[in-house]
């Protein structure tokens, strides 16, 4: 592992950097940076994807519909939306699933982390570290690596397909369990492929740990779930690197959403103080390294990453370690398969308020519902990871631009886009084209 | 085209005309159960796995009629190796990395089948619903007959 030294800024004219359409992120966003007389004036990460009103059209729908409706928010992380919804509804109804269902949910989440993380590592983020325009250009010179990534992703797809019924927007998850239980042999048939993929994930960690990383370190507040024994997916308390330690039901007392005029996504802030915070793989990793499997810890030690990670450009390594962890846990869950007592528990009918946070690939995903006595949703509130990270991304860009004003426009723009992709922002579903315009704004 | 040609229908049957590829495969499957037939949702890693497993491949997918500049129901045959697929309006995937990107990636990885062709059927109705629009359904039915003739005389 080496670090790239960035030239110190020289005298720099005024300019504006505009990335009108961010590529290799999930959805529609733009970046505007204004520099005047050598001084950074403004950084805005603008999400112009239209508001989608999911919380409004959940009102009046049956609580049992929430997992399938909210899954449509994202084609990359539908399982996360389903998991937050089912846990919130089960909390409102005061029910708990058995160990067999719990394990199948963890297995499903493993599949989604693999799908999402491998896509991001190989197709979206790795090209930045080599200076390629996209993964197709990278594939010509890194064929073996790309072939490895594609096969790993397919293994993740298969886990989600078997358990969820299909790879994108699964249809087999319900409040209380699953509509249909899988058979043990459906998974055991793919054990050899999962073990190959676990080895491939170890090679991925070694590969990305050898990249050159730009320097960037700030004083973040990392926020993630923490479970009593397991690396967090859907259970535990919400903790932070600055001492927060709360039950999920206390989330609204400690976090608040804020409307900024230039973006369609709400910003989320810590309360009190209104400060930005950081969710996602690095937050999970820094707050839960002692919950990783021994194999993942060994791999982290071998690559020099068994430590608190504070440079967001290292997130690609943490993501790769989480892919290894997910394959490792998937193999274990299949080998120790526990047959659930029933596909789904019977749900009582009662009014209530339910909240749950789970760990989507990109970080904490919070759901809150009020349910009436007919089992209908009265109100819904959903706080996705990208809105929680949006201000932190902007703060990263401020520091990054201020330290790199001597770079050419092209190099600085590329560096800023790479920094945004550190967070794998999920604005809705992926785009793959880019129009960049950079122009001087001195005196204008 | 012979019975050893793999025919792959790409699309989403719950998105109107986007389901024309799987519709053609379902029709062929009833009449040619021994043929090598498959469907795909168009996700890149799944498509590449299909590309790697055969010597001859015919991919059937929906086109966006407006992007392609043709009427609904128009059937376009393309040489998959040479065609500028992105310009044709192929719209197989609900994901960003779909057929066009998968073909570009397969070329970069040198794993595109030696004999690879694409049939695009132009549609206009891609909303969330099941079933094909009338012009697309008629074109798909005619294509099935044409493919049957080609396969029977191979």
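Protein chains in written order, with my numbering: chain A, 1 to 444; chain B, 1 to 154.
For each residue, glycine too, the CB sits at the ideal point set by N, CA and C.
No experiment lies behind these values; they were computed from the predicted model shown.
#1: Specify the secondary structure class of residue 252(A) as computed by DSSP and reduced to three states.
#2: Assess contact between the segment 118-137 of chain B and the segment 8-17 of chain B, defined as three or more Cβ pairs (one per stretch) separated by less than 8 Å. Is contact present?
#3: Is the segment 168-188 of chain A touching the segment 336-354 of chain A in the sense that three or more CB pairs, one from each, lie closer than 8 Å?
#4: At 9 Å on the CB atoms, spell out the chain B contacts of residue 422(A), in chain order.
#5: Which residues in the same chain have their Cβ closer than 8 Å to the Cβ of residue 143(B), if we skip the five residues on either side of it in sequence?
#6: Tell me, please, which residues DSSP counts as bridged to residue 46(A).
#7: So that I know if they touch, is there some Cβ in chain B lying closer than 9 Å to that of residue 197(A)?
#8: With DSSP as the reference, identify every bridge partner of residue 367(A), one or two as the case may be.
#9: Could you tell me if residue 109(A) is buried or exposed, where buried requires 16 or more neighbouring beta carbons within 10 angstroms of its beta carbon?
#10: Let me check understanding here. Comparing Cα to Cα, which of 89(A), 187(A) and 131(A) lies closest to residue 335(A)?
#11: Tell me the DSSP secondary structure of residue 72(A) in three-state form.
#12: Give every residue of the same chain whose Cβ lies closer than 7 Å to the Cβ of residue 123(A), excluding the five residues on either side of it in the sequence, and list them in chain order.
#13: Mind pulling the chain A residues with CB within less than 7 Å of residue 109(B)?
#14: How would you call residue 146(B), buried or exposed, if buried means at least 16 neighbouring beta carbons within 10 angstroms?
#15: Residues of chain A with CB closer than 7 Å to the CB of residue 49(B), please, in chain order.
#16: Since residue 157(A) meets chain B, which of its residues come closer than 8 Å, beta carbon to beta carbon?
#17: Just the C-alpha distance for residue 317(A) and residue 209(A), rounded to the nearest angstrom, thanks.
#18: Taking 9 Å as the CB-CB cut-off, is residue 151(A) touching chain B?
#19: Distance cutoff 9 Å, beta carbons only. Does residue 105(B) sit that close to anything in chain A?
#20: Looking at C-alpha atoms only, which residue of 378(A), 80(A) and 422(A) is the closest neighbour of residue 311(A)?
#21: Note down the Cα distance separating residue 3(A) from residue 314(A), rounded to an integer number of angstroms.
#22: What three-state label does DSSP hand residue 19(B) in the structure shown?
#23: Chain A beta carbons: is any one of them nearer than 9 Å to that of residue 130(B)?
#24: DSSP state of residue 242(A), grouped into three classes?
#25: Measuring only between beta-carbons, confirm whether residue 146(B) sits less than 9 Å from chain A.
#26: List the whole-angstrom C-beta distance separating residue 357(A) from residue 266(A), where the pair is believed to meet the contact cut-off of C-beta under 8 Å.
#27: Report yes or no: do three or more beta-carbon pairs, one from the segment 241-257 of chain A and one from the segment 268-279 of chain A, lie closer than 8 Å?
#28: When you compare the CB of residue 101(B) with every CB in chain A, is at least one pair closer than 9 Å?
#29: Taking a cut of 7 Å between CB atoms, which residues from the segment 163-185 of chain A lie near chain B?
#30: Pick from 67(B), 136(B) and 115(B): whose alpha carbon is nearest that of residue 180(B)?
#31: Where does residue 204(B) land, buried or exposed, given buried means 16+ other C-beta within 10 angstroms?
#32: Can you have a look at residue 53(A) and say buried or exposed, based on whether 16 or more other CB atoms are within 10 angstroms of its CB?
#33: Is the beta carbon of residue 453(A) less than 9 Å from the beta carbon of residue 375(A)?
#34: For chain B, check one thing: does any of its Cβ atoms lie closer than 9 Å to the Cβ of residue 248(A)?
#35: Taking Cβ positions, are residue 367(A) and residue 30(A) nearer each other than 9 Å?
#36: Drop a sphere of 10 angstroms on the beta-carbon of residue 426(A), count the other beta-carbons inside from all chains shown, and report buried for 16 or more, exposed for fewer.
Considering the structure as presented:
#1: On the first chain, position 252 is the one that residue 252(A) refers to. Three-state DSSP puts residue 252(A) in a helix.
#2: yes
#3: yes
#4: In the first chain, counting from the first residue as 1, residue 422(A) sits at position 422. Neighbours of residue 422(A) on chain B: none; closest Cβ ~20 Å, over 9 Å.
#5: Residue numbering aside, residue 143(B) sits at position 143 when the second chain is read from its first letter. For residue 143(B), where only same-chain residues beyond five positions count, the Cβ hits under 8 Å are 24, 60, 75, 119 and 121.
#6: Residue mapping note: residue 46(A) aligns to position 46 of the first chain, counting from 1. Note: residue 46(A) is bridge-paired with 30(A) in the DSSP secondary-structure output.
#7: If you number the first chain from 1, residue 197(A) lands on position 197. Residue 197(A) does not count as touching chain B.
#8: If you number the first chain from 1, residue 367(A) lands on position 367. DSSP, once it has assigned bridges, lists 356(A) and 382(A) as partnering residue 367(A).
#9: In the first chain, residue 109(A) corresponds to position 109, counting from 1. When all chains shown are included, residue 109(A) counts as buried.
#10: For the purposes of this step, residue 335(A) is taken as residue 335 along the first chain, with counting starting at 1. Nearest of 89(A), 187(A) and 131(A) to residue 335(A), Cα basis: 187(A).
#11: Stepping through the first chain from its first residue, residue 72(A) is reached at position 72. Coil at residue 72(A), not helix or strand.
#12: What you label residue 123(A) is simply residue 123 of the first chain in a count that begins at 1. Excluding sequence neighbours, residue 123(A) sits near 135.
#13: As a position in the second chain, residue 109(B) is number 109, starting the count at 1. What residue 109(B) touches in chain A: 139, 143, 146 and 147.
#14: Mapped onto the second chain, residue 146(B) falls at position 146. Answer is exposed; the Cβ neighbour count stays below 16.
#15: In the second chain, counting from the first residue as 1, residue 49(B) sits at position 49. Within chain A, the residues near residue 49(B) are 154.
#16: As a first step, residue 157(A) is located in the first chain; it is residue number 157 there, counting from the start. Under the 8 Å cutoff, chain B gives 43, 45 and 46.
#17: Position 317 of the first chain, counted from the start, is the residue given in the question as residue 317(A). Position 209 of the first chain, counted from the start, is the residue given in the question as residue 209(A). Cα-Cα distance, rounded: 6 Å.
#18: Here the question's residue 151(A) lines up with position 151 in the first chain. Yes, residue 151(A) counts as interfacial toward chain B.
#19: Within the second chain, residue 105(B) is the residue found at index 105, counting from 1. Closer than 9 Å: yes.
#20: On the first chain, residue 311(A) is found 311 positions in, with the first residue counted as 1. Comparing Cα-Cα distances from residue 311(A) to each of 378(A), 80(A) and 422(A), the minimum goes to 422(A).
#21: Residue mapping note: residue 3(A) aligns to position 3 of the first chain, counting from 1. Residue mapping note: residue 314(A) aligns to position 314 of the first chain, counting from 1. Note that residue 3(A) scores 34 on pLDDT, short of 50, meaning its location in the model is unreliable; the coordinates nonetheless yield the value given after this. If you take the alpha carbons of residue 3(A) and residue 314(A), they lie about 10 Å apart.
#22: Locating residue 19(B) in the second chain gives position 19, where the first residue counts as 1. Helix, per DSSP.
#23: For the purposes of this step, residue 130(B) is identified with residue 130 of the second chain, where counting begins at 1. No, because no Cβ of chain A sits closer than 9 Å to the Cβ of residue 130(B).
#24: As a first step, residue 242(A) is located in the first chain; it is residue number 242 there, counting from the start. The DSSP-derived three-state label of residue 242(A) is coil.
#25: Indexing the second chain from 1 puts residue 146(B) at position 146. Cβ-Cβ to chain A under 9 Å: no for residue 146(B).
#26: The sequence position of residue 357(A) within the first chain is 357, counting from 1. The sequence position of residue 266(A) within the first chain is 266, counting from 1. Contact flag wrong, Cβ pair sits at about 16 Å.
#27: yes
#28: If you number the second chain from 1, residue 101(B) lands on position 101. Yes, residue 101(B) counts as interfacial toward chain A.
#29: 167 and 168
#30: The first residue shown for chain B is 1 and the last is 154, placing residue 180(B) beyond what the model contains.
#31: Beyond the ends of chain B as shown, which are 1 and 154, falls residue 204(B); an answer cannot be given.
#32: In the first chain, residue 53(A) corresponds to position 53, counting from 1. Per the 10 Å Cβ criterion, exposed.
#33: It is not possible to answer for residue 453(A), since the shown part of chain A is limited to 1 through 444.
#34: As a working note, residue 248(A) is residue 248 in the first chain. No, because no Cβ of chain B sits closer than 9 Å to the Cβ of residue 248(A).
#35: In the first chain, the residue the question calls residue 367(A) occupies position 367. In the first chain, the residue the question calls residue 30(A) occupies position 30. No, the Cβ-Cβ distance between residue 367(A) and residue 30(A) is not below 9 Å.
#36: Working through the first chain from its first residue, we reach residue 426(A) at position 426. Residue 426(A) is buried by the Cβ-count criterion.
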